[in-house]
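K.L.:
Once you've had a glance at the structure underneath, I'll fire off some questions.
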Amino acid sequence: MKKDFSKISFLSLFLLFSVAPQLIQARKNNSQMLTVKSTTFETNNTKMHRGINIGNALEAPNEGDWGVVIKDEYFKIIREAGFDTVRIPIRWSNHAGSVPPYKIDDNFFKRVDWVVNKSLEQGLITIINIHHYEEIMQKPEEHEDRFLALWKQISEHYRNYPDTLYFELLNEPNGALTSDIWNKFIEEAVSIIRETNPTRKIIIGPADWNSVYKLKELKVPEGDKNIIVTFHFYTPFEFTHQGAEWVSPSPPVGKKWIGNEAEQKQITDELDIAVRWATEHNNISLFMGEFGAYSKADMASRVRWTYFVAREAEKRNIAWAYWEFCSGFGAYDPVKNEWREDLLNALIPPPNKYYVSVDTEHGSILGSGWYNEGSYATIKISETSLGFLVQDVFDHFEGLGSRDIVIDARTVKVYVNGPRIIRAVWRKDYTMALLTTLGVGIILGVAILLYKIQRFSLLSVDFRNATLHSSLVLFSLHTFLRLGSLKLKQQR
Ligand code: GLC
């Protein structure tokens, strides 16, 4: 008996002193971080570079239904921020007759005119499209004539508008509107538009929600030099659409985008599909007409993702338009009437300012933001240990350099001489778990021992006494463990 018991305690002690330090030292592998560069870029066939969508306004069933009514001042705000292009999604199908000649409502036309004029007055390239024509996605053939009639009216209506007004045929063809049917509609719509607008820029995009993977099935009208090809970019979807109420099932909230090598590659691979396709198609101009991450993702991840996607597009001469201005993905806060500086800077990086990106797996951390070159960013982690038996303990900040100043155990000042990525590295601490296991082991051992002694009457103590003894041992061990853990905490 005695021998067995000492084996148990020896094993526990061995575990405590040999394995625990290694477990305590166990660290998570840190992923490689993104590096960011700023570039200039030129697109071939268009003056578009950096744009923004005024979404959730005119493509709602009625303007205002989704909380956005376009205001006069938006276009000035957009231009002054540094954008040169605005894309205005429009749900014409809700404002046109359902039988021939499918007449577009005059008042709706007037409203679109006002919006388009305000945008053009600001010198912005202005894209109008047909957006949320849901019925054509379900029954394309039944809506073919109506779709073409809409373009006939729109193109005649705007025939004398400046060439900075662009037409985009249809947002995100999907469902039953497969590549084959869509290619036929493109050809027909382009030839109708060309009757009145021989050189206006027309934007067309592939099926399957303007997916780069469907570019290979897209047929570009031949011999037309004024066609631009669009695609939409929301990769990885689980990140950009986390918590999106209109997606079913909605991807869970909490997914970060750190910008490690694999995450970057996923994005550049997709952009390269578009570039390779364009190269094989006379270097046709590319337009990433929508990209963005929904506001339910954390801001630091949104900034990293947005900055990375925009810069990678620019490196490849792809013009872009952020989705969107002042709604759920909004770069602009319509209540405070100000830009969300972090996002705006990610889209249009200000000179001599850099993003300091701070991140932690546990607790929270302060300090993410855009800072002037040569300044210091103060980074502070809220907690340094979390959990009870198995604890997560803050270990160190990863990404520090020689000019950074450690203030205390949870605070550091980092010197902003370029984009900085600082990550709080945590480790698992099993000390409490091990001490508890050891304590319980010892108590059980003593209890069993005393029980056996009593049972075989080796000593003249009764069982009640044995229980009393084991309780006393338990109490002493408890005190011993508490003192031990306090000491360990002090040493840390
Ligand atoms: C598409 C949809 C728009 C949505 C956006 C992001 O453009 O038309 O309604 O908000 O993608 O999912």
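Going by our numbering, the first residue of the sequence shown is number 1, and it counts up by one from there. Built from N, CA and C at the ideal position, the CB exists for glycine as well. From a predicted model like this one, the values you see are computed outputs, not experimental measurements.
(1) Does any heavy atom of the ligand GLC sit closer than 7 angstroms to the C-beta of HIS241?
(2) Just the C-alpha distance for SER31 and ILE318, rounded to the nearest angstrom, thanks.
(3) Mapping the DSSP letters down to three states, classify ASN260 as helix, strand or coil.
(4) When the Cα atoms are used, what is the spatial distance from LEU472 to LYS452?
(5) Determine the direct distance from the alpha carbon of GLY387 to that of PHE475, and round the result to whole angstroms.
(6) Confirm, please, whether the CB-CB distance from ASN129 to GLU168 is below 8 angstroms.
(7) With distances taken from CA atoms, which of GLU217, TRP370, TYR213 and TYR161 is nearest ASP180?
(8) In terms of residue numbering, what span does the alpha helix (DSSP H) encompassing SER357 cover?
(9) Inspect the CB distances between the segment 438–445 and the segment 371–388 and report whether three or more fall short of 8 angstroms.
(10) Rounded to a whole number of angstroms, what is the C-alpha to C-alpha distance between LEU120 and ILE273?
(11) Does the Cβ of GLY51 lie closer than 7 angstroms to at least one heavy atom of the ligand GLC?
(12) Per DSSP, what kind of secondary structure is LEU472 in: helix, strand or coil?
(13) Looking only at DSSP bridge pairs, what is GLY369 linked to?
(14) Could you tell me the boundaries of the beta strand (DSSP E) in which TYR307 lies?
(15) Among ALA176, PHE239, PHE231 and GLY254, which residue has its Cα nearest to the Cα of SER285?
(16) Give me the Cβ distance between MET48 and PHE287, rounded to the nearest whole Å; I'm assuming they're in contact under 8 angstroms.
(17) Which residues mark the beginning and the end of the beta strand (DSSP E) in which PHE291 is found?
(18) Return yes when the Cβ of PRO140 is within less than 8 angstroms of the Cβ of LEU177, no when it is not.
(19) With a floor of 4 residues, list each alpha helix (DSSP H) that falls wholly inside the segment 138–189, ordered by position along the chain.
(20) Can you give the Cα-Cα distance for ASP145 and ILE127, rounded to whole angstroms?
(21) In this structure, how does DSSP classify TYR234 when only helix, strand and coil are distinguished?
P.N.:
Considering the structure as presented:
(1) yes
(2) Confidence in SER31 is poor, its pLDDT being 30 and thus under 50, which makes the residue's placement unreliable; the coordinate value appears in the next sentence. Between SER31 and ILE318, the C-alpha separation is close to 28 angstroms.
(3) Three-state result, ASN260: coil.
(4) Each residue's alpha carbon lies about 17 angstroms from the other.
(5) 24 angstroms
(6) Yes.
(7) Just measuring C-alpha positions, the residue of GLU217, TRP370, TYR213 and TYR161 sitting nearest ASP180 is GLU217.
(8) Segment 353–360 is the beta strand (DSSP E) holding SER357; no alpha helix (DSSP H) there.
(9) no
(10) If you take the alpha carbons of LEU120 and ILE273, they lie about 33 angstroms apart.
(11) Flag unset: Cβ of GLY51 not near the ligand GLC.
(12) helix
(13) VAL356
(14) Not the beta strand (DSSP E): TYR307 falls in the alpha helix (DSSP H), residues 299–315.
(15) With distances taken between Cα atoms, SER285 lies closest to PHE231.
(16) 6 angstroms
(17) 286–291
(18) yes
(19) You should have 140–157.
(20) Rounded to the nearest angstrom, the two C-alpha atoms are 23 angstroms apart.
(21) coil
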